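Below: the structure, in structure tokens.
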Amino acid sequence: MSEMQTIQWFPGHMTKTKRQIQSSLKLVDAVAEIIDARIPVSSRNPDLAKLVQNKPRVILLNKCDMANQTATKLWIDYFKKQNLVAIPVDCKSGRGLDKFAPAVNTVMSKRIAKLKEKGMVNPTIRIMIVGIPNVGKSSFINKMVKKNRARVEDRPGVTRGNQWYTIAKNLEMLDTPGVLWPKFDDKVVGEHLAFTGAVKDQILDIELLAVRLLDFLKELKPADFLARFKLENEDIDNIESYELLKMIGKKRGMLVSGGEIDTERAAIMLLDEFRSAKLGRITVEMPQGR
Ligand code: G4P
0 MSEMQTIQWF PGHMTKTKRQ IQSSLKLVDA VAEIIDARIP VSSRNPDLAK LVQNKPRVIL
60 LNKCDMANQT ATKLWIDYFK KQNLVAIPVD CKSGRGLDKF APAVNTVMSK RIAKLKEKGM
120 VNPTIRIMIV GIPNVGKSSF INKMVKKNRA RVEDRPGVTR GNQWYTIAKN LEMLDTPGVL
180 WPKFDDKVVG EHLAFTGAVK DQILDIELLA VRLLDFLKEL KPADFLARFK LENEDIDNIE
240 SYELLKMIGK KRGMLVSGGE IDTERAAIML LDEFRSAKLG RITVEMPQGR
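For the sequence shown, the positions run 0 to 289 when numbering that gives the first Met the number 0 is used.
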């Protein structure tokens with residue numbers, strides 16, 4: 000899976016992105032970091048804390064419709080222990096987005112109080128969205144803008160090209176998200192991003208990826224996965240993952256001429272079903288031990 004590491008981001012690209020984000024950060028009071036609730040570690044940018052520095056931050060555990068609910072709760076507690084406010088959201092349906100403005104108010108409460116002390120009545124808070132590719136930034140922005148279709152016009156002193164949207168009372172959002180890179184030099188991170196489809200399949204060995212996913216599913220044994228491929232009565236602990244991929248392909252009648260099992264098709268199907276949560280709401284990374 001090493002090829003994956005070189006594609007989307009290269010040093011020049013990273014420097015340019017970093018600079019863009021740093022200049023946007025100057026315009027905002029707080030940051031909303033969108034991560035994938037199924038892989039809260041791998042979908043984070045390793046340099047974000049440094050980039051954001053002392054700006055208050057809200058974490059959005061997105062795609063929570065596809066993550067395990069108990070795991071999401073554990074992640075929220077985990078972040079709480081680190082003094083970070085995290086909320087579960089589903090930017091496809093919009094579920095949880097009503098909690099966003101209150102969460103921003105929570106992380107901004109001290110600063111808002113200070114501004115009020117200085118005599119500002121109802122200060123406006125500006126926020127920007129950041130996250131790695133495919134994590135749901137556009138979905139979030141679209142949903143928030145659709146809900147509150149109010150564009151902020153002609154703000155003096157704001158660089159042309161920056162568009163702001165009022166998304167709640169006294170809360171404005173920058174329309175362009177900051178796109179950040181994942182920790183792509185870590186093999187496990189790469190795999191987990193690939194499981195969820197955050198990385199393009201063309202650059203991956205799809206069968207190898209499916210085998211790695213099966214290694215994980217064999218350990219976890221999600222009920223929907225077992226039921227979907229009729230594996231309840233199979234001794235999957237003692238079946239090698241590539242053999243299991245073949246078994247799944249066979250059960251689905253994926254054969255090529257000569258009666259061989261089409262393992263590539265089986266791999267694509269397995270990943271597809273995992274990514275669309277047909278194998279259950281599965282969280283790949285848990286907070287324990289972190
Ligand atoms: P980005 O701007 O961060 O790159 O991500 P984007 O919003 O484009 O979302 C990437 C994919 O993830 C999209 O699917 C989007 O619909 C999906 N998505 C975003 N948020 C959620 C969520 O909370 N739950 C679920 N289930 N999916 C989510 P796509 O396949 O690229 O497009 P489409 O299926 O919307 O056509």
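A virtual CB, placed ideally from N, CA and C, is assigned to each residue, including glycine.
Predicted model only: the values in this text are computed from it and were never measured.
query	result
Run of the alpha helix (DSSP H) containing Asn-104, from where it starts to where it stops	99-116
Proximity to Glu-284 [Cα-Cα], best of Thr-71, Lys-245 and Leu-170	Thr-71
Chain-order list of residues whose beta-carbon lies under 8 Å from that of Gln-68 (same chain, five-residue window excluded)	Arg-280
Endpoints, the beta strand (DSSP E) within which Asn-61 is located	56-61
Per DSSP, cross-strand counterpart(s) of Pro-87	Leu-60
Same chain, Cβ closer than 7 Å to Ile-260, neighbours up to 5 away in sequence not counted	Lys-245, Gly-248, Lys-249, Met-253 and Leu-254
Reduced DSSP secondary structure (H/G/I, E/B, other) of Asp-35	strand
Cβ-based burial, Val-57 [other Cβ within 10 Å; buried from 16]	buried
Asn-67: CB within 7 Å of a non-hydrogen atom of the ligand SAH	This structure simply doesn't include the ligand SAH; it includes the ligand G4P instead.
Enclosing beta strand (DSSP E) for Gly-130 [first to last residue]	124-130
Reduced DSSP secondary structure (H/G/I, E/B, other) of Thr-71	helix
Residue environment, Arg-211, which counts as buried when at least 16 other CB atoms sit within 10 Å	buried
C-beta atoms of Ala-31 and Pro-55 nearer than 8 Å	no
Nearest neighbour of Pro-10, chosen from Cys-63, Val-27, Asp-184 and Leu-26 [CA to CA]	Asp-184
Beta-carbon proximity of Val-319 to Gly-95, cut-off 8 Å	Nothing can be reported for residue 319, as the shown portion of the chain is limited to 0 through 289.
Nearest residue (CA-CA) to Lys-17, options Asp-35, Ala-48 and Ile-38	Ala-48
Ser-275, buried or exposed, once every other Cβ within 10 Å from all chains shown has been counted against 16	exposed
Ranges of the alpha helix (DSSP H) found wholly within the region 213-259, counting only runs of at least 4	222-227 and 240-250
Proximity test, Asn-89 beta-carbon vs the ligand G4P heavy atom, cut-off 7 Å	Here residue 89 turns out to be Asp, not Asn, going by the sequence shown. Checking the Cβ of Asp-89 against the ligand G4P gives yes.
Touching by the beta-carbon criterion (3+ pairs, under 8 Å), the region 215-225 and the region 164-174	no
Any non-hydrogen atom of the ligand G4P closer than 7 Å to Ser-41 Cβ	no
Per DSSP, cross-strand counterpart(s) of Thr-165	Glu-171
Secondary structure of Gly-11, DSSP reduced to three states	helix
Delimiting residues of the alpha helix (DSSP H) encompassing Ser-137	136-146
Outcome for Thr-105 when other beta-carbon atoms lying within 10 angstroms are tallied against a minimum of 16	exposed
Beta-ladder partner(s) of Ala-29, from DSSP	Ile-126
According to DSSP, residues forming a beta bridge with Gly-177	Val-129
Local conformation of Arg-211 per DSSP, three classes	helix
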